[in-house]
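*Asks:* Everything in the sequence shown is counted per the numbering used here, starting at 15 for the first residue and increasing by one.
Beta carbons are placed, not taken as given, at the ideal position from N, Cα and C, and that holds for glycine.
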Amino acid sequence: MKQGWQAAGSGDSLAMAIAVAAGLHAAVIGLVHFDFLPGRSDALTPSLDVILVDWATDEVPEQADFLAQVTQAGGGESPEAGIPEDLSLPEPEPEPAEPDLPQPDAVTEDQPPAPEDLVSLADPAELLPTRADASEALEDQPRDTRELMEQSLAMARLSPDRRTDGDDFRQQPRRKFISASTREHVYASYMSAWIAKVERIGNMNYPEAARRRNIEGGLVLSVDLLADGSVDHIRVLRSSGHDILDEAAIRIVRLSAPFAPLPEEVADQVDVLTITRTWQFSSSSGLRQTGR
Numbered sequence: 015m016k017q018g019w020q021a022a023g024s025g026d027s028l029a030m031a032i033a034v035a036a037g038l039h040a041a042v043i044g045l046v047h048f049d050f051l052p053g054r055s056d057a058l059t060p061s062l063d064v065i066l067v068d069w070a071t072d073e074v075p076e077q078a079d080f081l082a083q084v085t086q087a088g089g090g091e092s093p094e095a096g097i098p099e100d101l102s103l104p105e106p107e108p109e110p111a112e113p114d115l116p117q118p119d120a121v122t123e124d125q126p127p128a129p130e131d132l133v134s135l136a137d138p139a140e141l142l143p144t145r146a147d148a149s150e151a152l153e154d155q156p157r158d159t160r161e162l163m164e165q166s167l168a169m170a171r172l173s174p175d176r177r178t179d180g181d182d183f184r185q186q187p188r189r190k191f192i193s194a195s196t197r198e199h200v201y202a203s204y205m206s207a208w209i210a211k212v213e214r215i216g217n218m219n220y221p222e223a224a225r226r227r228n229i230e231g232g233l234v235l236s237v238d239l240l241a242d243g244s245v246d247h248i249r250v251l252r253s254s255g256h257d258i259l260d261e262a263a264i265r266i267v268r269l270s271a272p273f274a275p276l277p278e279e280v281a282d283q284v285d286v287l288t289i290t291r292t293w294q295f296s297s298s299s300g301l302r303q304t305g306r
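1) For the 8 Å Cβ check, are there 3 or more pairs between the segment 277 to 286 and the segment 200 to 209?
2) Helix, strand or coil, according to DSSP, for L239 in the structure here?
3) Check L167 in the structure and name its three-state DSSP category.
4) Let me check one thing: in DSSP terms, what residues is G232 bridge-paired to?
5) For the candidate residues G305, N228 and R291, whose alpha-carbon lies nearest to that of L251?
6) Work out the CA separation of I215 and S270 for me, nearest whole Å.
7) Using a Cβ-Cβ cut-off of 7 Å (strictly less than) and excluding sequence neighbours within five positions of K211, which residues of its own chain qualify?
8) Would DSSP call L276 helix, strand or coil?
9) Just list the residues that DSSP pairs T14 with in beta bridges.
10) When you compare only the Cα positions, how much space is there between S296 and D246?
11) Hey, out of P275, H39, S236 and A35, whose CA is closest to A207's CA?
12) Which same chain residues, not among the five before or five after V234, have their C-beta less than 6 Å away from its C-beta?
13) According to the neighbour-count rule (16 or more other Cβ atoms, all chains shown, within 10 Å of its Cβ), is V237 buried or exposed?
14) Is the Cβ-Cβ distance between I229 and I248 less than 7 Å?
15) Whole angstroms are fine: how far does the CA of H39 sit from the CA of D26?
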């Protein structure tokens, strides 16, 4: 009985010792902590290459080899992309030193000029070359130089009245353009009488070939009249599409000339009166002027 109690007491003591030891270890482990330093990477931080360029382009490259301050398609002749070794400008070469020039002797303000340094002026009339001297100088000069000098002397001999600009240019005539939109009484009345005469002569000389072939059409005619009523020039501004009608219109105006002279109040203001009207050729109604 006594041996069993002793065995039980020994087991309890061992269990208590183990529990105390475990508690002490747990307390020590809780007080101690470890800091794990991250491992140092051997990889280098990636770098960014920026290249300065001196030209730009409007097209943006799809895959740029480098970054630049402006858009550029790329440069160089190498098929492989590479970083330029040196983009800096070469240093300017030093300028050669100028040789020392001898300095002129300083002249004081109070020092008067030497008598031999004074130059006497001759009579101005003696400096001007005479006609004989000019002729001798012309003979000594080359041919081209002599011709230029002869032309210069000839122009100098011209009198002022021979060099006026008014005699060299013809005065431009004063023109007046009238059409169906003209409402000034003096011009409108003259144009009405002019149209009536052209229509009357035109119906009397209507082109028979156009009547037989039933050719019809309209055209725009511009006629320049001088102050005496004569015809200066005739222009077809818009064709009828048929040469026979265009030629007939010009011939009818020629046959109608001369017209009445321009009124005095018109002749005082213009030299050429230009009348522009539209004419219609019709096999049934003949030649008539339209309101356009």
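*Replies:* Working from what's here:
1) yes
2) For the purposes of this step, residue 239 is taken as residue 225 along the sequence shown, with counting starting at 1. Three-state DSSP puts L239 in a strand.
3) For the purposes of this step, residue 167 is identified with residue 153 of the sequence shown, where counting begins at 1. Of the three classes helix, strand and coil, the one that applies to L167 here is helix, per DSSP.
4) Position 218 of the sequence shown, counted from the first residue, corresponds to residue 232. The partner list for G232 (beta bridge, DSSP) reads Q294.
5) Here residue 251 is taken as the residue at index 237 of the sequence shown, counted from 1. Closest by alpha carbon: R291.
6) For the purposes of this step, residue 270 is taken as residue 256 along the sequence shown, with counting starting at 1. For the purposes of this step, residue 215 is taken as residue 201 along the sequence shown, with counting starting at 1. Taking the straight line from one Cα to the other gives about 6 Å.
7) As a first step, residue 211 must be located in the sequence shown, where it is residue number 197. Excluding sequence neighbours, K211 sits near S270 and F273.
8) Here residue 276 refers to the residue found at position 262 when the sequence shown is read from its first residue. In this structure, L276 counts as coil in the three-state DSSP scheme.
9) Residue coverage of the chain in this structure runs from 15 to 306, which leaves residue 14 outside it and unanswerable.
10) Looking up residue 296 in the sequence shown gives position 282. Looking up residue 246 in the sequence shown gives position 232. Cα-Cα distance, rounded: 27 Å.
11) One-based indexing of the sequence shown puts residue 207 at position 193. The candidate whose alpha carbon is nearest that of A207 is P275.
12) Here the question's residue 234 lines up with position 220 in the sequence shown. Closer than 6 Å at the Cβ level, and outside the excluded window around V234, lie L251, R252 and T292.
13) As a working note, residue 237 is residue 223 in the sequence shown. Buried is the call here.
14) Position 215 of the sequence shown holds residue 229. Position 234 of the sequence shown holds residue 248. Result no, Cβ atoms of I229 and I248 do not sit closer than 7 Å.
15) The count along the sequence shown starts at 1 and reaches residue 26 at position 12. The count along the sequence shown starts at 1 and reaches residue 39 at position 25. Their backbone Cα atoms lie some 20 Å apart in a straight line.
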